[in-house]
Amino acid sequence: MLPPIRRLLADFASGRLEPTELLARCHGAIDRLDPSLNALPTRRDRAACVDEAERTGRAIAAGEPVGPLAGLPYVAKDSFDTAGLRTTLGSPIFADRVPAADAPGVARLRAGGAVLIAKSNTPEFAAGSQTFNPVLGATRNPHDATRTVGGSSGGAAAALAAGMAVVADGSDLAASLRNPASFCGVVGMRPSTRLDPTLADGPNGFDLMSTVGPLARCVDDCRLVRTALFEPAAPRPLRAWLAAMDARPHPPEPRALRLAYSADCGGVPLAAPVRATFERAIDTLRATGATLVEAHPDFSGADEAFLTLRGLYFVEWLGELYATERARMKDTVVWNIEQGLALDAAAIARAQRLRTQVFRRVAAFVRGFDAFLLPTVQVLPFPLDVPYPTAIDGVPLVNYIDWLKTCYWISASGHPAVSIPCGRARDGDSPPLPVGLQLVGRWGRDDALLDVAETVESVLAPLDPPVAF
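Residue numbers (our numbering): 4 to 472.
This is the structure in structure tokens:
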């Protein structure tokens with residue numbers, strides 16, 4: 004397993020490890036594992052990667068200013084533009100597209116020193132939490148290659164879990180950072196919903212539904228990648244970055260935490276193995292002296308608000324393309340667009356009002372706690388040949404994202420949420436499969452949420468022992 008980012012940077016600074024050596028380890032893992040996993044189907048020229056890592060290593064050795072992610076191998080989601088490197092969005096329409104410039108988030112991570120090595124696989128137009136598409140194929144779960152990695156940032160989560168990369172990005176509309184993190188046993192964060200046109204990667208720079216965010220192998224790594232994305236800073240010598248990292252206050256003690264929790268938020272369908280794993284994690288936290296209160300916010304209106312605004316989002320993004328390329332789009336993408344095209348101004352206005360009400364109720368609820376805990380995903384990773392679940396423990400689902408309510412209700416609320424591993428469970432005779440615990444924090448207090456998540460991660464670590472792939 005690769006060490007955390009902070010230790011890798013310390014090894015760079017001391018000369019114990021060169022960026023080129025870390026790059027070679029990641030390339031070796033890609034060579035061994037990706038022929039089976041298909042997480043990184045588009046790769047950057049290796050000589051260019053080595054040249055960049057060598058330049059970074061020389062700068063670090065000379066004490067020159069570098070970014071906070073200096074020399075760390077990075078994979079960018081295939082829905083984000085990368086200059087000179089194919090970006091397909093998983094669609095036959097863009098199978099050979101090579102952008103001229105980096106997307107804003109990609110540019111920030113590269114400016115932070117991360118070395119772009121590949122593009123991570125995603126569903127067609129990042130729609131659906133199952134990573135497969137007709138251009139680049141399906142991505143397999145490192146924990147069980149017969150199962151999905153989720154999505155839409157599925158290739159990124161698989162690459163991190165398998166040690167093929169250190170830094171990864173993604174985006175999250177319904178669940179696309181948190182779902183694959185849960186399915187692959189890594190960490191994914193949907194930040195607080197903020198208006199940031201400088202990071203927008205679509206036609207509507209003022210969209211408040213989909214957000215860019217980090218995926219990582221632990222909470223501390225997630226914090227560092229999130230900071231590089233949302234709080235870019237001028238370069239400085241690597242030892243200065245490390246000193247700033249070490250000066251951060253320690254996360255709270257478990258016994259100081261007051262946490263709300265709910266397995267099903269009052270009746271959301273939940274697979275029995277997920278419920279059992281979640282409850283075991285809650286019992287483990289309670290044993291530390293943390294205060295656990297079984298309660299949940301009122302999410303009424305979240306379904307209508309999210310589904311309506313999701314339809315609007317797809318029309319803004321793909322409506323013009325749909326007019327000429329409908330036949331080359333997958334059915335669930337067409338469904339999303341047509342849901343949006345059927346909307347009128349009254350439906351959109353109602354959805355905006357409902358979403359504001361959901362935000363206010365969740366905000367009032369979480370003010371009484373350090374975090375609200377719930378399962379990240381309602382099911383375990385399912386077989387690769389299943390496009391999406393149609394029922395959970397015999398309860399029929401309404402549409403192809405109905406199994407993601409525990410994530411998209413939080414998206415509708417606008418609050419920050421992070422998924423961390425909380426144990427494993429079997430599906431019949433499957434190997435142990437990862438289960439994610441989702442922590443929801445106060446709006447705009449993303450760092451405080453990560454502090455809580457780091458504490459909870461340390462408590463739950465024995466439930467999620469390392470896996471060698």
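Glycine included, C-beta positions come from ideal geometry on N, C-alpha and C.
C-beta atoms of residue i and residue j nearer than 8 Å
i, j, result
"P183", "S213", "no"
"C221", "V118", "no"
"W244", "A366", "no"
"P76", "L26", "yes"
"V277", "A428", "yes"
"M192", "G216", "yes"
"S416", "F362", "yes"
"T291", "R261", "no"
"P468", "T149", "no"
"L315", "L232", "no"
"A56", "P7", "no"
"D81", "N144", "no"
"D172", "L218", "yes"
"V443", "V382", "no"
"D99", "S414", "no"
"P235", "G115", "yes"
"T90", "P102", "yes"
"R197", "A420", "no"
"L5", "R283", "no"
"A177", "Y411", "yes"
"T458", "P255", "yes"
"A165", "F372", "no"
Environment of residue i [buried if 16+ CB atoms lie within 10 Å]
i, result
"P200", "exposed"
"H253", "exposed"
"A247", "exposed"
"M332", "buried"
"S17", "exposed"
"R47", "buried"
"D224", "buried"
"N41", "buried"
"E323", "exposed"
"P44", "buried"
"P300", "buried"
"P384", "buried"
"L407", "buried"
"A179", "Reading off the sequence, residue 179 comes out as Ser, not Ala. The residue is buried, with at least 16 neighbouring Cβ atoms inside 10 Å."
"D54", "exposed"
"V69", "buried"
Nearest neighbour of residue i, chosen from the options [CA to CA]
i, options, result
"D204", "A164, V109, P255", "V109"
"F302", "T359, G431, C187, N402", "T359"
"P257", "H30, R353, L463", "L463"
"D306", "T409, V336, G208, D396", "T409"
"Q355", "L346, L312, G343", "L312"
"V152", "L75, V189, A121, V138", "V189"
"F281", "A456, P95, Q441, R100", "Q441"
"S461", "D450, I423, D347, D449", "I423"
"G439", "V380, L202, W412", "V380"
"A168", "V101, P71, L198, D37", "D37"
"Q133", "K122, D99, F186, E323", "F186"
"P137", "A164, G93, Y264, L344", "G93"
"R49", "A394, V69, P71, L88", "L88"
"P194", "R229, A73, L20", "R229"
"E341", "P71, A86, L453, L310", "L310"
"R28", "G154, G343, L163", "L163"
"A237", "A32, G31, R19, E67", "E67"
"R251", "A141, L453, A471", "L453"
Three-state class that DSSP yields for residue i in the structure shown
i, result
"A171", "strand"
"Q441", "strand"
"T280", "helix"
"P240", "coil"
"R181", "helix"
"T91", "coil"
"I404", "coil"
"E297", "strand"
"L72", "coil"
"R47", "coil"
"F83", "coil"
"A326", "helix"
"G158", "helix"
"S422", "strand"
"F472", "coil"
"D223", "helix"
"M248", "helix"
"P378", "strand"
>> Whether or not the segment 277–291 and the segment 316–327 are in contact is what I'm after, with contact meaning three or more pairs of Cβ atoms, one per stretch, closer than 8 Å; do they touch?
In response: Here the segment 316–327 makes no contact with the segment 277–291; the two share fewer than three CB pairs at distances below 8 Å.
> Are there three or more Cβ pairs, one per stretch, closer than 8 Å when the segment 61–76 is compared with the segment 230–242?
Replying inline: By the Cβ rule, the segment 61–76 counts as touching the segment 230–242, because three or more pairs are nearer than 8 Å.
> Okay, do the segment 389–398 and the segment 434–453 touch, 3+ Cβ pairs below 8 Å being the bar?
Replying inline: These segments do not touch.
> Is the segment 110–130 touching the segment 319–339 in the sense that three or more CB pairs, one from each, lie closer than 8 Å?
Replying inline: Yes: the two stretches touch, three or more of their Cβ pairs being nearer than 8 Å.
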